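Note sheet for the following structure.
Protein chains: 2
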Amino acid sequence: MHYADGKTTPCLNVLPSQVHGCSDLNTSAFIQRMIQAGKPNLIVFTGDNIFGFEAKDSAKSLNAAFAPAIAAGIPWAAVLGNHDQQGTLSREGVMKHIVGLKHTLSQFNPSEAHIIDGFGNYNLEVGGVEGSGFANKSVLNLYFLDSGDYSTVPSIPGYGWIKPSQQLWFQRTSAKLQRLHEASMAKKSFAPGLVYFHIPLPEFASFDASNFTGVRQEGISSASINSGFFTTMVEAGDVKAVFTGHDHLNDFCGQMTGIQLCYAGGFGYHAYGKVGWSRRARVVVASLEKTDEGGWGAVKSIKTWKRLDDGHLTAIDEQVLWSKNLIPKV
Amino acid sequence: MHYADGKTTPCLNVLPSQVHGCSDLNTSAFIQRMIQAGKPNLIVFTGDNIFGFEAKDSAKSLNAAFAPAIAAGIPWAAVLGNHDQQGTLSREGVMKHIVGLKHTLSQFNPSEAHIIDGFGNYNLEVGGVEGSGFANKSVLNLYFLDSGDYSTVPSIPGYGWIKPSQQLWFQRTSAKLQRLHEASMAKKSFAPGLVYFHIPLPEFASFDASNFTGVRQEGISSASINSGFFTTMVEAGDVKAVFTGHDHLNDFCGQMTGIQLCYAGGFGYHAYGKVGWSRRARVVVASLEKTDEGGWGAVKSIKTWKRLDDGHLTAIDEQVLWSKNLIPKV
Chain A
1 MHYADGKTTP CLNVLPSQVH GCSDLNTSAF IQRMIQAGKP NLIVFTGDNI
51 FGFEAKDSAK SLNAAFAPAI AAGIPWAAVL GNHDQQGTLS REGVMKHIVG
101 LKHTLSQFNP SEAHIIDGFG NYNLEVGGVE GSGFANKSVL NLYFLDSGDY
151 STVPSIPGYG WIKPSQQLWF QRTSAKLQRL HEASMAKKSF APGLVYFHIP
201 LPEFASFDAS NFTGVRQEGI SSASINSGFF TTMVEAGDVK AVFTGHDHLN
251 DFCGQMTGIQ LCYAGGFGYH AYGKVGWSRR ARVVVASLEK TDEGGWGAVK
301 SIKTWKRLDD GHLTAIDEQV LWSKNLIPKV
Chain B
1 MHYADGKTTP CLNVLPSQVH GCSDLNTSAF IQRMIQAGKP NLIVFTGDNI
51 FGFEAKDSAK SLNAAFAPAI AAGIPWAAVL GNHDQQGTLS REGVMKHIVG
101 LKHTLSQFNP SEAHIIDGFG NYNLEVGGVE GSGFANKSVL NLYFLDSGDY
151 STVPSIPGYG WIKPSQQLWF QRTSAKLQRL HEASMAKKSF APGLVYFHIP
201 LPEFASFDAS NFTGVRQEGI SSASINSGFF TTMVEAGDVK AVFTGHDHLN
251 DFCGQMTGIQ LCYAGGFGYH AYGKVGWSRR ARVVVASLEK TDEGGWGAVK
301 SIKTWKRLDD GHLTAIDEQV LWSKNLIPKV
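Rendered as C-alpha cells:
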C-alpha cells in the first residue's frame, strides 16, 4: 500500500488525467472496492503497508492504511516490508502496533520460539466447515514471515532475507501441523500451505513469459544471495504457493518444484507504478470438496486471479495454483 | 579416502604401471607420508572416509582408514560424506564409531542443540600459545558439519544439504565464540573460522580458471538446490575458508564475498580419479603474529597448498587464504 499521510500524499505514476486529487485515499478506495466485489474471508497485506519515509506518524499511517479492512470487520493479516520501519516506529514498533489493531489475526512472533529473527513470523490455521468431519481441523495452513528489510552484512549488498531461525520455526511448524492432521484423519489427507512474505526469493528469477502467468516488467529484487528458504519449503512438502510484494511491476505466478511463486502486483497509489498500467490485487480462492457422505471436506483446489483498479475491477489471469487431483509438473 | 577392505581392495584410475599391488594400503601409505612430511597438529578427514558399498565390515574399514592418524598419535577430526553409511553401519552408527576411536576430536553432535539434523556437527577451538596472552583463548575456530548424503525429497534430485537446524547451531556457535573472544580481549581482535564438510555448496560453481587457484576437471556436485549455508557463513562474519571433499578431480580454492571455497582434492586410491593425475592432500597452516611485547599473539595469516602423492610429495598451488592485514577483495 505504501501508505503515508492520507489525502495530502500524492499518487505516483498515474495518467495525467488521474493526477488531480489522487492520493493515499485512492489506495483506501481500492481496498473498499475489492472488499465489495470479493467479500473476502481474509485480507493479507504483504508488506510496505506504509511508506515510513513520508509518514509523519507511523501509527496514524498504519491505522489509516488498514482502516478499510477494520471498518468492514473482515479478518486481516499483515507482514512487514522494507519500508514499514522508516518512519516514527521501528520494525518491532510497527509490528506491535499492527497486532493491537481490530480484527487482525497478525501475530508478533511465535510464543514457543525462544529467539527468532524479525517481527511478524506466525501461522494461521483455516478450519474446515463446522458440523463436517473437518470441523476443528485445519484444512489450509497459512504461514507469514518477516523477510527483513536491508542486509546488515557489509559484504552483502541489498535487501534482507529469511534467516535460519525463521526457517527452523517454519519447518517445525509445518511438520507439527502435518503430524496433527495425519493423526486426526481416518483417511489419508492433506492440508495445503500458503506462504506470505514481502521480498521475493532469488528463485523468482527462474521464470520468463514461457512459464509464468502474468507479467515481468522489472528485475527480481530479491536479496543478492540465496538464504535457502525455497529449499526449506520444498522439503516441508505442504507449501503449494508463495505470495510476495516488493516488485510493483511484476505480477506473475510461476511454478517450480511443485511450488507456485507469485507476486501480488502493485496495489498502492503512493508507490512507484507504471503509467497506464492499473494498480491491482491478487485474489486467492480455496475450494472445498464434497465428501462421499455429501458434507464438506478438505481443500480440493486453490485458484487465483487479479483484479485491476479500473472501472470494472477487471479480473485477469485466472489460473489454478494447486489441485488435489493433479500432480504438478516438476 | 573411500577405504574399503584394505589390501584386497584395488585402486581405481591409476597408471597401468601402478595397478599391480595397488590397494587401500596405498591410501594408508599416503597418510603416513603426509604425516612424516608435515608433522601436522591436526588431520581433518572430509568425508567418504570409507566406501560403504564395498566395505564388508564398516567398523573395521573405519578402524583401518584412520589407523595411520591414530598410530601417529596426532589429533584428528572427521565428518561424514555420502558413502560412509552404505556398509554395515548407518550414518549414526558410523559417527558413533568414529567418536569412540583414539586421538579423535570428532564429536557426535552438539550437546546443547536439542534436535539437529545429521551426525557429526561440532566445533573445535584452537587455543593460543601457553604463557601468552592468548592462552586459554581460541585463536582459530574450526566448524565441522554433516552435509548429508542424498536428498530424501522426491521433487529434489541429487545430494543432501545443510539444514536450517544445523545452520542455526552454526550461527549461534559462531556468535557465542565471537562474543566470548571480544569480552576476553583488551584490544579488538578476532579469531578466524574454518569450516569443514563433505559436499560442496552451489556457490563453488561461481569460479573458473580466471578466479581460482587449482583445477576444475569435473562438474560441481553440490545439492541441486541452494540451502543458504553460504549466506549464513557470510553473515556470521568469522569464516575465512571452507574445505570440502566429494569431487575428486576438482582441487581449487576460489574466493567469494570474503570466504575462500576450497576443495581438498582426491586422496583415496579406491576412489575415482584421473589416470596420471596424482592423488593429493591439502595442507592448511595458520601462523601466529608476534605481539608488541614479543610473545605469540593471534592468527595473522592462513596459508594453504597441496601435496601430490608422487616421488617427492611435490607441493603445489601455495596461496594465502586469509591475512589479518589484508582486506579481501569482495
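Protein chains in written order, with UniProt numbering: chain A, 1 to 330; chain B, 1 to 330. Ideal Cβ positions, reconstructed from N, Cα and C, are used throughout, including at glycine. Predicted model, so just to flag it, every value in this text is computed and none were measured.
Report yes or no: is there a C-beta of chain A within less than 8 Å of the C-beta of residue i?
i	result
N226/B	yes
F230/B	yes
W155/B	Before going on, a small fix: residue 155/B reads as Ser here, not Trp. Closer than 8 Å: yes.
L168/B	yes
S90/B	no
V239/B	no
Q235/B	Before going on, a small fix: residue 235/B reads as Glu here, not Gln. Yes - at least one Cβ of chain A is within 8 Å of the one on E235/B.
W161/B	yes
Quick check on this structure: which residue in the options has the alpha carbon closest to the alpha carbon of residue i?
i	options	result
I70/A	F108/A, I43/A, A209/A	I43/A
V285/B	E293/B, K303/B, V299/B	K303/B
L12/B	Y269/B, G237/B, D5/B, T27/B	Y269/B
K306/B	I98/B, E318/B, G193/B	E318/B
G158/B	G276/B, I220/B, V19/B, L249/B	I220/B
D309/B	V99/B, T244/B, G273/B, S301/B	G273/B
H97/A	L62/A, G73/A, V79/A	L62/A
N82/A	Y150/A, L288/A, K290/A, S58/A	Y150/A
E125/A	V99/A, T152/A, S174/A, G133/A	S174/A
K137/A	W296/A, T46/A, H20/A, S323/A	W296/A
S287/B	W277/B, V299/B, G276/B, S278/B	V299/B
R216/A	K176/A, C262/A, R172/A, L194/A	C262/A
V239/A	D247/A, A223/A, G258/A, L249/A	G258/A
S18/B	K7/B, G276/B, S106/B	The sequence shown places Gln at residue 18/B, rather than the Ser named in the question. Ranking K7/B, G276/B, S106/B by Cα distance to Q18/B puts G276/B first.
H248/B	S106/B, A264/B, V242/B, A78/B	A264/B
T8/A	A64/A, F267/A, F134/A	A64/A
H246/A	S106/A, A271/A, A236/A	A271/A
S189/A	N26/A, V320/A, W76/A, T291/A	T291/A
When we look at the beta-carbon of residue i and count the other beta-carbons within 10 Å, is it buried (16 or more) or exposed?
i	result
N226/A	buried
V330/A	Only weak support exists for where V330/A lies, its pLDDT of 47 falling under 50; the value from the coordinates is given anyway. Exposed, by the Cβ-count rule.
Q36/B	exposed
H198/A	buried
I31/A	buried
I115/B	exposed
A315/B	exposed
Y143/B	buried
R179/B	exposed
D24/B	buried
E203/A	buried
L326/A	exposed
E218/A	exposed
H312/B	exposed
E293/A	exposed
H2/B	buried
P16/B	exposed
V14/A	buried
A20/B	Here residue 20/B turns out to be His, not Ala, going by the sequence shown. Exposed, because fewer than 16 other Cβ atoms sit within 10 Å of the Cβ of H20/B.
N41/B	exposed
P154/B	exposed
Does any C-beta atom of chain B lie closer than 8 Å to the C-beta of residue i?
i	result
V330/A	Residue confidence is low: V330/A scores 47 on pLDDT, short of 50, so the model does not pin down where it sits. No coordinate-derived value is stated.
I220/A	no
W305/A	no
Q171/A	yes
P164/A	yes
S322/A	The question names Ser, but residue 322/A in the sequence shown is Trp. Answer no: the Cβ-Cβ gap between W322/A and chain B never drops below 8 Å.
Closest Cβ-Cβ distance between residue i and chain E: below 8 Å?
i	result
E130/B	Looking for chain E here will not work: the only protein chains present are A and B.
Inset, instruction - Inspect the CB distances between the segment 224-232 of chain B and the segment 155-165 of chain A and report whether three or more fall short of 8 Å. - result: yes
Legend entry - Members of the segment 242-258 of chain A near chain B, C-beta cut-off 8 Å: Those would be T257, G258, in chain order.
Legend entry - Cβ contact (3+ pairs, closer than 8 Å) linking the segment 178-193 of chain B and the segment 207-227 of chain B: no
Inset, instruction - Report yes or no: do three or more beta-carbon pairs, one from the segment 206-224 of chain A and one from the segment 88-102 of chain A, lie closer than 8 Å? - result: no
Inset, instruction - Count the C-beta pairs between the segment 127-140 of chain B and the segment 99-111 of chain B that are closer than 8 Å, then say yes if the count reaches three, no if not. - result: The segment 127-140 of chain B, when compared against the segment 99-111 of chain B, does not touch it at the 8 Å Cβ threshold.
Inset, instruction - Can you give me, in chain order, the residues of the segment 178-202 of chain A that have a beta carbon less than 7 Å from any beta carbon in chain B? - result: none
Inset, instruction - Count the CB pairs spanning the segment 243-256 of chain B and the segment 264-282 of chain B that are closer than 8 Å, and state whether there are at least three. - result: yes
Inset, instruction - Specify whether the segment 76-89 of chain B and the segment 43-60 of chain B touch according to this definition: at least 3 beta carbon pairs, one from each stretch, less than 8 Å apart. - result: yes
Inset, instruction - Spell out a yes or no on whether the segment 117-127 of chain A and the segment 143-155 of chain A are touching, meaning 3 or more CB-CB pairs, one atom from each, closer than 8 Å. - result: Yes: at least three Cβ pairs fall under 8 Å.
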